[in-house]
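Report on the structure given below.
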Amino acid sequence: MFEHIGGEFLGGVTSDFTNEDGIDIIKRWDRYHAWLGGRLSHNIDPYSKFTSGSIATECSSGTRDGRSSNGVNFGSQEYLNLASHPKVHEAAKRAIDAYGVHSAGSAALMGNTKLSRELEDRLAGFLGYRDCTVFPTGWGAGYGAIKTLVRPDDHIVIDVFAHACLQEAAKNATSNIHPFPHLSNEGVRRRLQRIRRDNPNAGILVVTETLFSMDSDVPNISGLQAICREHNATLFVDVAHDLGAIGPTGRGFLEMQDMLGQPDILMGSFSKTFASNGGFVACNNPSLKLALRYNCGPLTFTNAMSPVQCAIVLKCIDIIESDEGAERRSLLMDNSTYMRSQLKEVGFKVLGQPSAVIPVILGGNGLSRLMTRYTFEAGGIMNLVEYPAVSKNTCRWRLQVMALHKREHVDHFIQLAVGARSKAEAHLATLDSSLSRNAQAA
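Using the numbering used here, the letters of the sequence shown correspond one by one to residues 44 to 485.
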């Protein structure tokens, strides 16, 4: 027998509860809090989970109210499993012994260390750029670079699915924002032609990603760069999800497209493959480095990356460039390809192309939330993505594959997912029947 779940908990979305009015700006959030609490009481609020051990292919995860699940982990951004690598641990310990654990200052002042300088030089070479600047977060790198570069009279042409940090930066930098259809180079061309016709001397920034994590798809960067050159626009590319994890030498889809060092500005994050918080911005023009260091809020007015984080990323680059790194990337792609094929075989809709991210379309809110609940309760750990992060009625699991997953992990998760789908469909059917009976009685 399935318990009754109110329609607002199964069908409601965040935007239904986050636009409350009232003089008390804190109490405006009370209704949202109550809604999330109701979802949590039915175990259909899968967010803000915690882990109680190291991040691995299997782990223990818990919800905000303390419910736990031990099982196979497809919810962590740990693509090459470097966070648990003994050499990475040794590098972190050596950095603690030599530098302590804290940068103790902004990169504009005394927050830099020998390790942060070494990391910037190493990254520049790894990426094929003249200069690189590291940030304490990847979000700050994307947001800060765009906000620093773009002035109110400039224009931003941005993929509609670009990451939130890039969208937020655009909104706060200029009102002249021109979203283009996802992956459409022709859409970019049309917008650039229109802008140049009306504003021949305007600064224009074109923003995209090498791998879009909600859809696991990839733009044609070479064609996009050519269009930008044709219209004197600057190309800004986010490589957060593929750098280190994709390509013969780990340099991502830019390497696969023979575009290393070509986009005007590159930004990325260390949190997916490099086992650390932090991010970077790379460019071939030396002017950008000090412009960011002294004029970029998320870099200038916050503490720099800690020496421990810098040491971790440096060691991860060593491994990524080694034969072991190549082997782990091969394992990762094998796992991704296998899991995608097995999911399709049992009727799931899978988006995009093989990468460390596998988007699995589930559909509406009710089915998606119940499927996530029953999979989690059975020992399958993953992340559910809902509107407004994705379009309405396209809720999805964003499964994150690791190099060290085994086929048994994949097979077990899919078995759990198939069982959860059947159970969720049956649960929804009982709720629909109950609503129908109540309507007839009324």
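Positions of the beta carbon are idealized from the N, C-alpha and C atoms, including for glycine. Owing to the predicted nature of the structure, the values given are computational and were not obtained by experimental measurement.
Just to confirm, are residue i and residue j a CB contact at a threshold of 8 Å?
i    : j    : result
Y122 : A288 : yes
Q385 : I457 : yes
A469 : Y417 : no
G390 : G181 : no
G311 : G187 : no
T217 : I199 : yes
N228 : G266 : yes
V249 : F279 : yes
R71  : N86  : no
F93  : S104 : yes
V453 : Y381 : yes
L342 : A150 : yes
If you count every other CB in all the chains shown that lies within 10 Å of the CB of residue i, and 16 or more means buried, which is it?
i    : result
N244 : exposed
L478 : Per-residue confidence for L478 stands at a pLDDT of 46, beneath the threshold of 50, marking its modelled position as unreliable; no derived number is given.
R137 : exposed
I363 : buried
T61  : exposed
S58  : exposed
Q268 : buried
V393 : buried
Y337 : exposed
S159 : buried
F313 : buried
R294 : buried
D64  : exposed
A167 : buried
S379 : buried
P129 : exposed
M44  : exposed
F52  : buried
K435 : exposed
Measuring alpha carbon to alpha carbon, tell me which of the options ends up nearest residue i.
i    : options                : result
T437 : L209, A472, I404       : I404
G407 : M44, G50, E46, D241    : G50
G423 : I363, A318, M414, S227 : M414
V433 : I360, E46, V56, F52    : V56
I259 : E163, M310, M302, R383 : What sits at residue 259 in the sequence shown is Ser, not Ile. Closest by alpha carbon: R383.
F419 : S84, M376, H225, S112  : S112
S119 : L471, E429, T473, K315 : K315
R240 : I201, H274, M299       : H274
A205 : T253, I247, D197       : T253
S373 : A334, V444, K387, T345 : V444
V144 : S349, A467, A421, T251 : S349
V303 : A325, F45, S104        : Looking at the sequence shown, residue 303 is not Val but Leu. The option with the nearest alpha carbon to L303 is A325.
I238 : V261, C208, C271, E163 : C271
T100 : L286, S127, G81        : S127
N320 : D301, F296, G295, L357 : L357
Can you tell me where the beta strand (DSSP E) holding residue i begins and where it ends?
i    : result
I289 : Looking at the DSSP string, I289 is not in any beta strand (DSSP E), and its letter there is neither H nor E.
E101 : 101-105
W78  : Not the beta strand (DSSP E): W78 falls in the alpha helix (DSSP H), residues 73-84.
R441 : 438-443
N113 : 111-116
G322 : 322-326
I264 : I264 -> not in any beta strand (DSSP E); alpha helix (DSSP H) instead, spanning 264-273.
Would you kindly work out how many angstroms separate the C-alpha atoms of residue i and residue j, rounded to a whole number?
i    : j    : result
P89  : R412 : 8 Å
D67  : D73  : 10 Å
N155 : A347 : 7 Å
P291 : D108 : 44 Å
H76  : F178 : 33 Å
V203 : F223 : 6 Å
R441 : A399 : 10 Å
N116 : S330 : 43 Å
M257 : P402 : 6 Å
T277 : R165 : 24 Å
V351 : F317 : 13 Å
I489 : M153 : A query on residue 489 cannot be resolved here, the shown segment of the chain reaching from 44 to 485 and no further.
S146 : S97  : 25 Å
L447 : I355 : 19 Å
N263 : R194 : 27 Å
E161 : F169 : 12 Å
F255 : V282 : 9 Å
G409 : V428 : 13 Å
D196 : R234 : 16 Å
F344 : L192 : 17 Å
L335 : G246 : 18 Å
L209 : S91  : 23 Å
Would you say the beta carbon of residue i comes nearer than 7 Å to a heavy atom of the ligand FMN?
i   : result
K70 : Annotation note on the ligand FMN: not contained in the displayed structure, which lists no ligands.
For the alpha helix (DSSP H) holding residue i, just list the boundary residues, first then last.
i    : result
T277 : T277 -> not in any alpha helix (DSSP H); beta strand (DSSP E) instead, spanning 277-281.
N338 : 330-338
N378 : 366-388
A519 : What is shown of the chain runs 44 to 485, which leaves residue 519 out entirely.
H132 : 129-142
E121 : Element bounds for E121: n/a, residue is neither H nor E.
L357 : 350-363
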